[in-house]
Structures are given as structure tokens and as C-alpha cells.
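Encoded as C-alpha cells, the structure appears first; notes follow it.
Residue numbers (this note's numbering), protein chains in the order written: chain A, 8 to 216; chain B, 3 to 78.
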């Protein structure tokens, strides 16, 4: 549900609840009882669920992730004008949805991946507001990047399956698929965000959404 | 009479809790910061939940019969 719709629903419910607060005598009639049940039970709970769902969806957006200052360099890395930068190349070429770029790669494509991502987000909030957040260049993944996240899109794609490098050694492709040879940390696609190691010569592409 | 007034007062308290919770939720929805979700759930959700629970409590503890039609909700 779009944010504006949820806000209207929430305010509408608040106004109706205000009617019950100002004129509780209205609830003496049958219609009044139904009104009271609607505005003090059903509509508030529905509004709350709709609001939480809206926030959950918003938390998947690139803008949401980059709204923390500590993530700014990572957002900037999406605009690096260098095809060897994996994150930037995916973002700029729409290999991932540009409005959900972070979420697309950093959520496990497993049964509880979304739940774990939300739980991780709450942990990030705690560290950001109450803990000692690390410098952007010192941020590390909790665990090595799983090839499953790459293969979710690339598995079966011609460029992946028939790529010259992937097929130079017959053992490479099976190893990638078995997650024993990492896509990003085996010296192949290891330039991802590289925050803090850009140097002076890096250029930025200012196009796209 | 006293019981009927009491019901009206409980409805008011419940309504005020729900309204404050809903206003907090509305603010969180237009506040595009990550902490907005936590505020929505912990403050807005808690206030709405308290209001709803207080409303349900009012219903189950309402007097079975009331004769004052000028008061608030009662069973007939």
C-alpha cells in the first residue's frame, strides 16, 4: 500500500477515534457500538499492520540503506565509472533493481533470508545509535559472501555458463556452483565496493536513477 | 449511573491512547529514517496496543445492564 494511502487511513482512523473520545455517548446505540469496535479495535490494528508493512517495504530501498551516514561511501561506490567495480557495474547496468540495489545482493536467497536481513537491520540500528559504529572502510560482512546470492540471477545465464574464464578449467564452474570457489573473494570479482581504497583517479558516473 | 460514566471514561482513555499511537505512526510514516520503524513499533504500536487492550478490557468489565441512556455504551 503506498505511503500516502496508509497515512490517510491512519489519520482517518484517528479522526473517527476522536469522535468517540469527544462523544462517548454515541456508543449507546447499536451503530455506535459498531463504530466504537471499528475505530478502537479493527481500524487501529489494521492501520498498525499496514504501517509496519509499509516500513518493511521501505527498508528494502536503496535510499533507506543510504540514509545512514556511515553508508554514504557505499552509495557513492555504486556510481564509480569503472566496470571492474562489481557493485557499480550491477547498479549502473540494472543487473539489480536500482531502487533495491543493496537489498538484492545483501539478502540471503534462503527461506529466512528476508527475516535475517531485517534482524540484521535492527542490530545495525542498535550499533548506529547506541553502540560504536565502525568507520565505513572497516565494515565487514558477517560471513563470507555466498555464491548462492550471485547464482540466484546468473545461474543458467549464457554469459555465466559459457564464459571463457568460467570454462578455462573444467573444475571451475562446478566449484562455483558448489560455493567452494567464491565469486568475490577468489581473486576473480574481488573489486566490489572497495570503500577507502579508491585512490585519486577514480571517476564517478552521475547518470541513472 | 456511576458505572455508565465509568464506561465513557474508559472509552475516552482508550480512544486517546489509540489517537496518540496513530499520530506517532503517521509521523513515522513520513519520517524517512531507519529509526522510524523502531519508533513506530515500540511507541506507536505500544500505544495502539494499549488502547485496543483497554477497550477490550472495558467491554468485558462493562455492566451487564444499564438504564442511563445519556451515558456511554452499555449492553441492553
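Where a beta carbon is used, it is the ideal one built from N, C-alpha and C, also for glycine.
Self-check item: Under 8 Å by beta carbon: chain B residues contacting residue 58 (chain A)
Solution: 27, 30, 31, 42 and 46
Quiz item: Going straight from the alpha carbon of residue 60 (chain A) to that of residue 46 (chain A), what length do you get?
Solution: 20 Å
Self-check item: Beta-carbon proximity list for residue 57 (chain B), same chain, < 6 Å, skipping 5 on both sides
Solution: Cβ neighbours of residue 57 (chain B) beyond the five flanking positions: 16.
Quiz item: Should residue 12 (chain B) go down as buried or exposed, given a rule of 16 or more other Cβ atoms within 10 Å for buried?
Solution: Here residue 12 (chain B) is buried. Its C-beta has 16 or more other C-beta atoms within 10 Å.
Quiz item: CB-CB under 8 Å to residue 106 (chain A), same chain, minus the five flanking residues each way: which ones, in chain order?
Solution: 68, 69, 70 and 216
Exercise. Give a yes or no on whether the C-beta atoms belonging to residue 10 (chain B) and residue 31 (chain A) are separated by under 8 Å.
Key: yes
Quiz item: For residue 77 (chain A), does the three-state DSSP call read helix, strand or coil?
Solution: helix
Practice problem: List the residues of chain B that residue 75 (chain A) touches, going by C-beta distances under 7 Å, in chain order. | Solution: 36
Quiz prompt | Expected contact under 8 Å - CB spacing of residue 10 (chain A) and residue 31 (chain B) to nearest Å | solution = Between residue 31 (chain B) and residue 10 (chain A) the Cβ distance is about 6 Å, and since that is below 8 Å, they are a contact.
Practice problem: Using a cut-off of 8 Å between C-beta atoms, extract the partners of residue 136 (chain A) located in chain B. | Solution: 37
Quiz item: Considering residue 60 (chain A), what are the terminal residues of the alpha helix (DSSP H) in which it resides?
Solution: Element bounds for residue 60 (chain A): 50-65.
Exercise. Determine whether the Cβ of residue 71 (chain A) lies closer than 8 Å to any Cβ atom of chain B.
Key: yes
Practice problem: Report yes if the CB atom of residue 28 (chain B) is closer than 8 Å to the CB atom of residue 17 (chain A), and no otherwise. | Solution: yes
Quiz item: When you compare only the Cα positions, how much space is there between residue 27 (chain A) and residue 66 (chain A)?
Solution: Cα atoms of residue 27 (chain A) and residue 66 (chain A): separation of roughly 34 Å, rounded to the nearest angstrom.
Self-check item: Distance cut-off 7 Å: residue 26 (chain A) Cβ against heavy atoms of the ligand MN
Solution: Among the components modelled here there is no ligand, and therefore nothing to report on the ligand MN.
Quiz item: What residues from the segment 30-62 of chain A come within 7 Å of chain B, judged by C-beta to C-beta, listed N to C?
Solution: 31, 32, 34, 35, 39, 40, 43, 47, 48, 51, 52, 54, 55, 58, 59, 61 and 62
Practice problem: Could you have a look at residue 87 (chain A) and say whether DSSP puts it in helix, strand or coil? | Solution: Residue 87 (chain A) sits in a strand when the DSSP states are folded into three classes.
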